[in-house]
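Protein chains in written order, with my numbering: chain A, 661 to 793; chain B, 121 to 232; chain C, 3 to 157. Built from N, CA and C at the ideal position, the CB exists for glycine as well.
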Amino acid sequence: MATLDELMELPGAMAAFEFRGSGELLEQRIAYPERINESTLDLLAHMCAANMSIATMQARGWEKVTHMKGFYPIQEFTLVGFDWSVVVSGLDRERFKDRGKASLPPFTGVVLANEKADYEAAFFTMEKPEPAP
Amino acid sequence: MSMIRRILALDGVNVVCHFRDDGYLLEGYGLMARDDMARLAQFAHDYRRMAQGNADQLAMFTGMRGWTPPHGWILRGVAQSVCSVGNLVCLVDNHEALLNEIMLELREVSHW
Amino acid sequence: MHLLEILTMFYEKCARFVTHPNPALIIKPVTTRGLTGMSIVTDLLAKPGVIAAGEYAYRGDRFSYRGALSEEHARMASIMCRATTMGANMEGRMLEVFQPRSGLFPPRGWVVHGPEYTVCVMANVFCMLDNAKGSINGTIDFMTQALAKVSSDLI
Chain A
661 MATLDELMEL PGAMAAFEFR GSGELLEQRI AYPERINEST LDLLAHMCAA NMSIATMQAR
721 GWEKVTHMKG FYPIQEFTLV GFDWSVVVSG LDRERFKDRG KASLPPFTGV VLANEKADYE
781 AAFFTMEKPE PAP
Chain B
121 MSMIRRILAL DGVNVVCHFR DDGYLLEGYG LMARDDMARL AQFAHDYRRM AQGNADQLAM
181 FTGMRGWTPP HGWILRGVAQ SVCSVGNLVC LVDNHEALLN EIMLELREVS HW
Chain C
3 MHLLEILTMF YEKCARFVTH PNPALIIKPV TTRGLTGMSI VTDLLAKPGV IAAGEYAYRG
63 DRFSYRGALS EEHARMASIM CRATTMGANM EGRMLEVFQP RSGLFPPRGW VVHGPEYTVC
123 VMANVFCMLD NAKGSINGTI DFMTQALAKV SSDLI
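Have a look at this one:
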């Protein structure tokens, strides 16, 4: 599972955060408090929770209708904003579900400045396998 | 007198707004500043499009009839609710409002 | 009347009489802007790993596409992309009200990353990528630059 500190090392990272499936912000790191604050991250987390849910509904519907596999479970949703992007991942939760665990870890998210954003690096960090216990 | 003012006379209705297809506030009545009414109208417009988009997808994937086009929606909070049908939206007090009656009235007035 | 509008009308009239046998080659012009956008779609399809690309009208149910999708599936993809774009735009506008100049508004697009495929959408153009063969950064950069001047007024 990518830690918030690891996410903050991504190029252009402005903030990293964890949130519940229902959208509540749990923890955050902010690189530029004058440009992004906890209140924005709270709204962003709720927005991202909504987007993950909708994207999951779409992936399930699409796979059912087209028989084209490879979209579900949604690993990351990214919103490319005007100057900034936000990437959120629920992959760790899927891993926990696969192992039959009832208690799931939070979603993770990172806010990136568009000019430096490396989406593949963000996905790679978020999809990094957990170290063996 | 505008027909939508009829809705304001119902129990628990604090605000009622009529908005254009692009979300612009056409008329609004009740206990709210004009700027906030404009925001409420824009929100109702956006929310309608989003709910309609999601309902369209549900219908598309399931092949189930009867969901789309949606007539309206209700967002129920702790003390207040927002209800919308067509291009009308109203803000109601949960303790006083009879939602069924309000939805019926909204539906009727939205046809005018 | 603008030349492209005449061409669009002409193309639409012709399209009524032509049924293309290969679904992967069906091209339906959306609007005048749609025709302009088709060059981006063609460029996208030439990139490694791109399975299909197309564009959808912000309003209404019209779309055009190229690639390995049936017309029905492309129609579904257009509906999904339109719905998510509308949602993202609404969310961006709300965020802007609560937190002005948040840097996210107006949204340029969005990306959904699945285990094998990725969907990238910028403005009204969508692109479906095979993760193993395509470059996500390259695709997003290309689409962002190619569609930077597209106005979001029509959303």
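(message) Quick check on this structure: which residue in 80/C, 53/C and 138/C has the alpha carbon closest to the alpha carbon of residue 62/C?
(response) Comparing alpha-carbon positions, the option among 80/C, 53/C and 138/C lying closest to residue 62/C turns out to be 80/C.
(request) Mind listing the chain A neighbours of residue 177/B? Cutoff is C-beta to C-beta under 8 angstroms, in chain order. (result) 717, 718 and 721
(request) Taking all protein chains shown into account, decide if residue 714/A is buried (16 or more other Cβ within 10 angstroms of its Cβ) or exposed. (result) buried
(request) For residue 181/B, go through chain A and note every residue whose CB falls closer than 9 angstroms to its CB, in chain order. (result) 717, 718, 720, 721, 722, 724 and 725
(message) If you follow the alpha helix (DSSP H) that residue 124/C is in, where does it begin and where does it stop?
(response) Element bounds for residue 124/C: not the alpha helix (DSSP H) but the beta strand (DSSP E), 119–124.
(message) Looking at chain B, is there any beta carbon in it that lies within less than 8 angstroms of the beta carbon of residue 85/C?
(response) yes
(message) Could you check whether residue 82/C and residue 718/A sit closer than 8 angstroms to each other, using their CB atoms as the reference points?
(response) yes
(request) Look up residue 133/B in the DSSP assignment and give the residues it is bridged to. (result) 212/B
(message) By DSSP's criteria, residue 132/C is part of a beta bridge. Which residues make up the other side?
(response) 119/C
(request) Go through its chain and collect everything with a Cβ distance to residue 687/A's Cβ below 6 angstroms, but skip five positions before and after it. (result) So the qualifying residues of the chain are 678.
(message) For a contact defined as C-beta to C-beta under 9 angstroms, what are the partners of residue 78/C on chain B?
(response) 177, 180 and 181
(request) Just the chain C side, please: which residues come within less than 7 angstroms of residue 714/A by C-beta, in chain order? (result) 86 and 89
(message) Please list, in chain order, the chain C residues whose beta carbon lies closer than 7 angstroms to that of residue 700/A.
(response) 101 and 104
(request) Kindly indicate which three-state DSSP category residue 77/C falls into: helix, strand or coil? (result) The answer is helix: DSSP assigns residue 77/C an H, G or I state.
(message) Once the 5 residues before and after residue 8/C are set aside, which same chain residues still bring their CB inside 7 angstroms of it?
(response) Low per-residue confidence applies at residue 8/C: pLDDT is 44, beneath 50, and the placement is therefore not dependable, though the value from the model is reported in the following sentence. Within the same chain, residue 8/C has no close Cβ partners at all.
(message) Helix, strand or coil, according to DSSP, for residue 794/A in the structure here?
(response) Because residue 794/A is not part of the residues shown, which for chain A are 661 to 793, the question remains open.
(request) Please check the pair residue 739/A and residue 670/A, which I expect to be a contact at CB under 8 angstroms, by giving their CB distance rounded to whole angstroms. (result) Not a contact, Cβ separation roughly 16 angstroms.
(message) Against chain C, does residue 137/B count as a neighbour if the rule is that its beta carbon must be under 8 angstroms from one of theirs?
(response) no
(message) Closest to residue 744/A by C-alpha separation, out of 704/A, 790/A, 684/A and 733/A, would be which residue?
(response) Of the candidates 704/A, 790/A, 684/A and 733/A, the one whose C-alpha sits nearest the C-alpha of residue 744/A is 704/A.
(request) Return the first residue and the last residue of the alpha helix (DSSP H) that residue 162/B is part of. (result) 154–182
(request) Tell me where the beta strand (DSSP E) around residue 101/C begins and ends. (result) Counting along the chain, residue 101/C falls outside any beta strand (DSSP E), and DSSP gives it neither H nor E.
(message) Check whether chain C comes within 8 angstroms of residue 738/A, counting only Cβ atoms and requiring the distance to be less than that.
(response) yes
(message) Counting only beta-carbon separations shorter than 8 angstroms, does residue 707/A have a partner in chain C?
(response) yes
(request) Count the other CB atoms, across all protein chains shown, that sit within 10 Å of the CB of residue 176/B; report buried if there are 16 or more and exposed otherwise. (result) buried
(message) Let's test the definition: count the other Cβ atoms within 10 Å of the Cβ of residue 692/A and tell me whether it reaches 16, buried, or not, exposed.
(response) exposed
(request) Might you give, ordered along the chain, the residues of its own chain that have their beta carbon closer than 6 angstroms to the beta carbon of residue 165/B, omitting 5 neighbours on each side? (result) 139 and 143
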